[in-house]
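Q: Below you will find the structure I want to go over with you.
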Amino acid sequence: MSTYRNETLAIRSQSERTQQREHSVPLYLTSSFTFENAEHMRAAFSDEVEANIYSRYSNPNVDELLEKVAQLEGGEAAWATATGMAAVFTTFAALLASGDHIVSSRSVFGSTHNLFVNIFPKWGIMTTYVDADDYEAYANAITPATKILYLETPSNPGLDIIDLEKIGAICIAKNVLFVVDNCFATPVLQQPIRFGADIVIHSATKYIDGQGRVLGGLIVSTQEIIDKIQAFARHSGPAMSPFNAWVLSKSLETLHLRMEKHCQQALEIAKRLENHPAVDWVKYPFLDSHPQVTIAKKQMAAGGGIVSFQIKGGLEAGRAFLDKLSLFSLTPNLGDSRSIATHPASTTHSKLKPEERAEVGISDGLVRLSIGLEHIEDIWEDLEKAF
Ligand SMILES: *Cc1c(COP(=O)(O)O)cnc(C)c1O
Numbered sequence: 002m003s004t005y006r007n008e009t010l011a012i013r014s015q016s017e018r019t020q021q022r023e024h025s026v027p028l029y030l031t032s033s034f035t036f037e038n039a040e041h042m043r044a045a046f047s048d049e050v051e052a053n054i055y056s057r058y059s060n061p062n063v064d065e066l067l068e069k070v071a072q073l074e075g076g077e078a079a080w081a082t083a084t085g086m087a088a089v090f091t092t093f094a095a096l097l098a099s100g101d102h103i104v105s106s107r108s109v110f111g112s113t114h115n116l117f118v119n120i121f122p123k124w125g126i127m128t129t130y131v132d133a134d135d136y137e138a139y140a141n142a143i144t145p146a147t148k149i150l151y152l153e154t155p156s157n158p159g160l161d162i163i164d165l166e167k168i169g170a171i172c173i174a175k176n177v178l179f180v181v182d183n184c185f186a187t188p189v190l191q192q193p194i195r196f197g198a199d200i201v202i203h204s205a206t207k208y209i210d211g212q213g214r215v216l217g218g219l220i221v222s223t224q225e226i227i228d229k230i231q232a233f234a235r236h237s238g239p240a241m242s243p244f245n246a247w248v249l250s251k252s253l254e255t256l257h258l259r260m261e262k263h264c265q266q267a268l269e270i271a272k273r274l275e276n277h278p279a280v281d282w283v284k285y286p287f288l289d290s291h292p293q294v295t296i297a298k299k300q301m302a303a304g305g306g307i308v309s310f311q312i313k314g315g316l317e318a319g320r321a322f323l324d325k326l327s328l329f330s331l332t333p334n335l336g337d338s339r340s341i342a343t344h345p346a347s348t349t350h351s352k353l354k355p356e357e358r359a360e361v362g363i364s365d366g367l368v369r370l371s372i373g374l375e376h377i378e379d380i381w382e383d384l385e386k387a388f
């Protein structure tokens with residue numbers, strides 16, 4: 002393993018060059034690879050020689066991205082998928098069998114919730130939800146059938162913070178796999194493996210791309226677990242495209258710079274919102290008013306780029322606020338160089354009853370901001386105008 006620091010590894014971990022001696026990594030847009038002769042092909046198929054065979058199995062651009070992201074997360078190996086949800090699904094589908102049980106934080110991404118509630122039960126895989134910060138409840142929910150404990154921190158969209166070290170200790174004591182969706186923090190702000198996580202999942206669509214161009218998912222773990230995931234994914238086919246891998250690998254080169262700026266601007270906006278008369282409350286992991294600020298500061302290098310707040314006046318005020326924004330994009334994404342605003346109660350969570358929304362921490366006046374990289378005063382002026 003190289004002794005370079007992570008900022009350098011994100012830029013310099015490319016090891017080989019082709020005969021063209023290119024400086025930047027070339028793009029290998031090819032679905033398959035050729036062999037010298039029948040013997041070479043036979044040896045490649047029986048894993049006797051290392052060779053690319055088919056891009057559903059492996060591709061140089063995907064491999065380069067995997068090596069980088071494994072190093073940045075402090076894992077041994079990684080796997081890439083077409084989307085973040087494919088990474089979530091592949092992890093569970095590769096490692097679980099009928100009758101296995103999942104314990105999960107209640108504060109998880111909407112599509113992950115949908116997998117737990119509507120899809121996995123078809124195959125006899127059941128999930129028990131626990132309140133995000135009820136540590137005793139996690140331990141009590143684990144049964145002999147439990148194979149995976151799953152959580153997001155910070156969570157989407159509630160920004161709940163869960164103590165990774167505490168959960169890591171529970172998982173070791175109870176012998177279950179600890180899986181963390183690290184999408185909001187990225188490896189720049191938080192490395193869950195350091196706190197005992199066995200598997201880290203990313204929607205690379207968000208901060209890792211960071212410019213709203215491509216979809217992608219990443220799974221980082223030990224070599225042994227990645228081998229199992231690979232055995233499933235090669236044949237079920239959720240592969241990442243070489244083009245997307247090339248884009249995402251390039252994006253990693255600037256991730257640390259982008260995260261620093263996202264975090265700095267988001268903290269400043271969160272502080273200003275806290276003092277605004279039209280705002281009931283603000284939630285941001287590094288604000289002193291956040292209920293889990295101490296844990297956030299223990300496990301994260303900075304608070305991230307997402308700020309949520311409750312506007313006075315409820316559902317109608319939330320919708321009216323969005324309509325008056327002009328710089329902010331109204332789009333269901335986050336982690337982009339462009340600032341984004343969403344109103345969960347009238348969009349992603351509109352099918353839930355107000356009581357059900359409250360249970361997952363979504364009030365009718367909740368507005369979620371993904372603070373971009375535009376000039377901070379332009380961001381603030383747009384918000385001020387909309388109030
Ligand atoms: C967006 C998101 C996902 C899903 O990722 P896609 O790339 O959209 O499939 C999973 N987890 C979290 C926390 C997300 O924000």
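Residue numbers for the sequence shown follow our numbering, beginning at 2 and rising by one. Where is the CB? At the ideal position from N, CA and C, for every residue including glycine.
#1: Does E74 pass the burial test, meaning 16 or more other C-beta atoms within 10 Å, or should it be called exposed?
#2: With DSSP as the reference, identify every bridge partner of G306, one or two as the case may be.
#3: Starting from the C-beta of A45, find all residues in its chain whose C-beta is less than 7 Å away, skip the five residues before and the five after it, and write them out in chain order.
#4: Output the distance between the C-alpha atoms of E166 and G197, rounded to the nearest integer angstrom.
#5: What span of residues does the alpha helix (DSSP H) with G319 cover, start to end?
#6: Since F287 and L268 should fall inside the 8 Å C-beta cutoff, what is the C-beta to C-beta distance between them, to a whole number of angstroms?
#7: So E153 and F110 are supposed to be a Cβ contact under 8 Å. How far apart are they, rounded?
#8: Please classify G111: does DSSP put it in a helix, a strand, or coil?
#9: Please classify R6: does DSSP put it in a helix, a strand, or coil?
#10: Just checking N157 against ligand 1 - is the residue's beta carbon closer than 8 Å to any of the ligand's heavy atoms?
#11: State the DSSP-derived secondary structure class of T34, mapped to helix, strand or coil.
#12: Run through the DSSP bridge pairs and tell me what T128 is partnered with.
#13: Looking at V89 and ligand 2, is the gap between the Cβ and the nearest heavy atom below 8 Å?
#14: Please classify H236: is it buried, with 16 or more other beta-carbons within 10 angstroms of its beta-carbon, or exposed?
#15: Here's a check: name, in chain order, each residue in its chain whose Cβ is nearer than 6 Å to the Cβ of A271, leaving out the five neighbours to either side.
#16: Would you give the residue range spanned by the beta strand (DSSP E) that T147 belongs to?
#17: Any idea if G238 is buried or exposed, counting beta-carbon neighbours within 10 angstroms, 16 or more meaning buried?
#18: Compute the distance between the beta-carbons of I202 and L219, then report whether it is under 9 Å.
#19: In angstroms with no decimal places, state the Cα-to-Cα distance between T128 and P155.
#20: CB of M241 to nearest heavy atom of ligand 1: below 8 Å?
#21: Can you find a heavy atom of ligand 1 that lies under 8 Å from the Cβ of A174?
#22: Taking 8 Å as the cut-off, is the beta-carbon of L249 closer than that to any non-hydrogen atom of ligand 1?
A: Quick look at the numbers:
#1: Its Cβ being crowded by 16 or more others within 10 Å, E74 is buried.
#2: G306 is not bridged to any residue.
#3: Excluding sequence neighbours, A45 sits near F36, A52, I54.
#4: Approximately 7 Å between the Cα atoms of the pair.
#5: It spans 315-325 - the alpha helix (DSSP H) in which G319 sits, taken as one unbroken run.
#6: The Cβ separation is near 6 Å, so the contact holds.
#7: Right, the Cβ-Cβ distance comes to about 7 Å (below 8 Å), so this counts as a contact.
#8: DSSP, reduced to helix, strand and coil, places G111 within a helical segment of the structure shown.
#9: DSSP places R6 in the coil class of the three-state scheme, outside both helix and strand.
#10: When distances are taken from the beta-carbon of N157 to the heavy atoms of ligand 1, the shortest one is below 8 Å.
#11: The sequence shown places Phe at residue 34, not Thr. Reduced to three states, the DSSP call for F34 is coil.
#12: DSSP, once it has assigned bridges, lists I103 as partnering T128.
#13: In terms of ligand content, the structure shown lacks ligand 2 and carries ligand 1 instead.
#14: In summary, H236 is exposed, with fewer than 16 beta-carbon neighbours lying within 10 Å of its beta-carbon over all protein chains present.
#15: Spatial neighbours of A271 in its own chain (CB-CB distance under 6 Å, excluding positions within 5 residues in sequence) are listed in chain order as V283, Y285, L288, V308.
#16: In the DSSP assignment, T147 falls within the beta strand (DSSP E) that extends over 147-153.
#17: Around the beta carbon of G238, a 10 Å sphere encloses fewer than 16 other beta carbons of the protein chains shown; the residue is thus reported as exposed.
#18: The answer is yes: Cβ separation under 9 Å.
#19: Distance between the alpha carbons of T128 and P155: 20 Å.
#20: Not under cutoff, so the answer is no.
#21: A174 Cβ: outside cutoff for every heavy atom of ligand 1.
#22: It does not: the Cβ of L249 is nowhere closer than 8 Å to a heavy atom of ligand 1.
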